[in-house]
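**Q** Dropping the structure in here first, questions after.
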Amino acid sequence: MQYPLISEYLAAIREAKDNLDKLSHLMPVLDKYGEPYRSSGAFAVVFKMKDEQTGKCYALKCFTEEQEGRAEAYRKIAEELEFVDSPYITSVKYIEKELFVDSNCEDEEFPVLLMDWIEGETMETYVAANYTDNHAMAMLCYRFCKMAAWLRSQSFAHGDIKPDNIMVRPDGTLTLVDYDGMFVPTMKGQKSPTIGTKDFSHPLRTIDDFDETIDDFALASIALSLKAISLNPSLLQNYGASDRLLFSAADYLNLSKSKTFAALQGLLADEEARTLMSMFLLASAKKNLSMCSFRLFGLQKLNEEDVQKPKVKEVQKLKDEEVWSTEVTEEDLENAVEDEFGVKYSKDWKRLLKAPSGLKGEYSIRKGVKVIGNRTFERCDSLTSINIPNSVTNIGDEAFITCIYNHRTTKTNQKYPSVNL
1 MQYPLISEYL AAIREAKDNL DKLSHLMPVL DKYGEPYRSS GAFAVVFKMK DEQTGKCYAL
61 KCFTEEQEGR AEAYRKIAEE LEFVDSPYIT SVKYIEKELF VDSNCEDEEF PVLLMDWIEG
121 ETMETYVAAN YTDNHAMAML CYRFCKMAAW LRSQSFAHGD IKPDNIMVRP DGTLTLVDYD
181 GMFVPTMKGQ KSPTIGTKDF SHPLRTIDDF DETIDDFALA SIALSLKAIS LNPSLLQNYG
241 ASDRLLFSAA DYLNLSKSKT FAALQGLLAD EEARTLMSMF LLASAKKNLS MCSFRLFGLQ
301 KLNEEDVQKP KVKEVQKLKD EEVWSTEVTE EDLENAVEDE FGVKYSKDWK RLLKAPSGLK
361 GEYSIRKGVK VIGNRTFERC DSLTSINIPN SVTNIGDEAF ITCIYNHRTT KTNQKYPSVN
421 L
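Reading the sequence shown from the start, the letters are residues 1 to 421 in our numbering.
Here it is, written out as structure tokens:
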């Protein structure tokens, strides 16, 4: 089945009342530019919708690529989760032929996935903003381990545990999102639709690994990483990256040669770090944690006074030493997220990667962006001005090459004066 483009979905959602069937009571929530608020990934785009009568918000997921068996899988997932009462999971409802889209596809009506809208930010974004705060990271690790213990006690598994699929609500509680790779008992004997994200998945995992233990390795890896960062924030700066925590797929292949794993040996004086490291090694050896109790994820909840915070100068030093690359790779672009203008950013919204050549008029770079990549605005001949926020610290080589002269780029930070292109 061929699916519409994101731009075609956007046009359909603008007139949601006329184009939705059973969900015609939902209206799109608009962003500051008056466009439907949305976020996009590799295989789908998600719109924020609101029931005007109840005031409740929902996430409407529209697919951009085919996945074999998707409808049947989500039917089973919805049945399994219907009676699960937990803040870690949200309800899901898969609806066939729900959205009419005027596109070049053979079909005119397309399926959608309806979920509760989770307010907050992804764990990936939260860690990037708070990793120097020992207490915040200790609490995040504690809450993640509570969720891990709960998940390991269930008969189902998420299938793709990673920080980008975990929402941190304003009150600090966690919720799992994106259930495309979920296993439920009625799927026993089937092949997995995914082997997870490589930087959080066991290196030997295959599509034949599809049962309630498929999250174990990711849970152990993330728990150990969060604990390590809470004890020594500089570890994230030295060994992490914007789209992962401490470990990479290369580390998992040979832990004896992993510089990251070697660096964690200095944390063995901490009892909880030793326990989490033991579980990580067991999950690495056995691919799961079936030989140990889920209760080993139980960490002691800390009060703010129990955590020694780094001195202000130390925190500032960590921040000042952050290095953000201006190089933009194919992998960066494949994993990018887009704003409402089609401009591509890294998933943590810290790096601006690529602007489409059709970008016109005035464009304001998102607040919080640190890096403008190499040749980002190449061939954006129709831009009249670019507003750069104070947060930007690095601008890549030839970032504005071939833009028409006399168009203006402005930045309020005195470190970067206005530039005439």
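The C-beta atom is built at its ideal place from N, Cα and C for all residues, glycine as well.
Predicted model, so just to flag it, every value in this text is computed and none were measured.
What's the C-alpha gap between E321 and L236?
**A** Note on E321: pLDDT 48, under 50, position unreliable in the model; the coordinate value appears next. C-alpha separation (whole angstroms): 12 Å.
**Q** Mind checking which residues open and close the alpha helix (DSSP H) that includes Y58?
**A** It is not in any alpha helix (DSSP H) - Y58 instead sits in the beta strand (DSSP E) that spans C57 to F63.
**Q** Would you give the residue range spanned by the alpha helix (DSSP H) that D18 belongs to?
**A** A16 to N19 is the extent of the alpha helix (DSSP H) around D18.
**Q** Which residue comes first and which comes last in the beta strand (DSSP E) that contains R38?
**A** Segment R38 to S40, the beta strand (DSSP E) holding R38.
**Q** Nearest-angstrom Cα distance between P203 and W150?
**A** Rounded to whole angstroms, P203 to W150 spans 24 Å at the Cα level.
**Q** If we count the other Cβ atoms within 10 Å of its Cβ and call it buried at 16 or more, is T384 buried or exposed?
**A** Classification of T384: exposed, given that the 10 Å Cβ count is below 16.
**Q** Please list, in chain order, all residues of the same chain as K415 whose beta carbon is under 7 Å from its beta carbon, the five residues on each side excluded.
**A** Unreliable placement is indicated for K415, whose pLDDT of 37 sits below 50; no coordinate value is reported for it.
**Q** What residues are listed by DSSP as bridge partners for M167?
**A** According to DSSP, which records beta bridges pairwise, M167 is partnered with T122 and T175.
**Q** Can you give the beta carbon distance from T326 to N232, rounded, assuming they're within the 8 Å contact cut?
**A** Actually they do not touch by this definition, with Cβ atoms about 27 Å apart.
**Q** What did DSSP end up calling V127 once you bin it into helix, strand or coil?
**A** Helix.
**Q** Name the DSSP bridge partner or partners of F341?
**A** Answer by DSSP bridge pairing: none, since F341 is not bridged.
**Q** With a threshold of 16 other CB atoms inside 10 Å of the CB of K17, please say whether the residue is buried or exposed.
**A** Exposed: under 16 other Cβ atoms inside 10 Å.
**Q** Pairs of beta-carbons, one from the stretch 119 to 126 and one from the stretch 205 to 217, closer than 8 Å: are there three or more?
**A** The stretch 119 to 126 vs the stretch 205 to 217: no contact.
**Q** Could you please give the first and the last residue of the uninterrupted alpha helix (DSSP H) stretch that includes R379?
**A** First-last for R379: undefined, no H or E at that position.
**Q** Pairing CB atoms from the stretch 153 to 160 with CB atoms from the stretch 129 to 140, are three or more of them under 8 Å?
**A** Result no; under three Cβ-Cβ pairs closer than 8 Å.
**Q** May I ask whether a heavy atom of the ligand ATP can be found less than 6 Å away from the beta carbon of I386?
**A** With respect to the ligand ATP, the structure offers nothing, as it holds no ligand at all.
**Q** Take P170 and list the residues in its own chain whose beta-carbon comes closer than 7 Å to its own, dropping the five residues that flank it on each side.
**A** Same-chain partners within the cutoff: E119 and G120.
**Q** Going by CA-CA distance only, name the one from D31, I401 and L282 that's closest to T376.
**A** Cα-wise, what sits closest to T376 is I401.
**Q** According to DSSP, simplified to helix, strand and coil, what is S256?
**A** Residue state, collapsed to three classes: helix.
**Q** Sorted by chain position, which residues of the same chain lie with C-beta nearer than 6 Å to E362's C-beta, five sequence neighbours on each side aside?
**A** Result list for E362: T384 and S385, in chain order.
**Q** Verify whether the separation of the beta carbon atoms of E65 and F43 is less than 7 Å.
**A** Yes.
**Q** Would you kindly work out how many angstroms separate the C-alpha atoms of G34 and A263, rounded to a whole number?
**A** Cα to Cα, G34 sits roughly 48 Å from A263.
**Q** Between V112 and P163, which are expected to be in contact by the criterion C-beta below 8 Å, what is the C-beta distance as a whole number of angstroms?
**A** Actually they are not in contact, since the Cβ atoms of V112 and P163 sit about 26 Å apart, beyond 8 Å.
**Q** Would you say the stretch 72 to 87 touches the stretch 4 to 19, given that touching needs at least three Cβ pairs under 8 Å?
**A** No, the stretch 72 to 87 is not in contact with the stretch 4 to 19.
**Q** Per DSSP, K354 forms a beta bridge with which residues?
**A** DSSP, once it has assigned bridges, lists K344 as partnering K354.
**Q** Is DSSP giving G266 helix, strand or coil here?
**A** G266: helix per DSSP, three-state reduction.
**Q** So what's T393 in DSSP terms, helix, strand or just coil?
**A** The answer is coil: DSSP assigns T393 none of H, G, I, E or B.
**Q** Which residue marks the beginning of the alpha helix (DSSP H) containing I222, and which one marks its end?
**A** Counting along the chain, the alpha helix (DSSP H) containing I222 begins and ends at D216 to L231.
**Q** Check the Cβ-Cβ distances between A149 and every residue of chain C, and say whether any is below 7 Å.
**A** Considering every chain present, this structure includes no chain C. It has just one protein chain.
**Q** If you count every other CB in all the chains shown that lies within 10 Å of the CB of E398, and 16 or more means buried, which is it?
**A** So E398 counts as exposed.
**Q** Once you ignore the five residues that flank L5 on each side, which residues in its own chain have a CB closer than 8 Å to its CB?
**A** Excluding residues within five positions, the ones whose Cβ falls inside 8 Å are T64 and S103.
**Q** Assuming E98 contacts Q2 under a Cβ cut-off of 8 Å, what Cβ separation, rounded to an integer in Å, is found between them?
**A** With a Cβ gap of about 17 Å, E98 and Q2 do not count as contacting.
**Q** Under three-state DSSP, which class holds M27?
**A** Reduced to three states, the DSSP call for M27 is strand.
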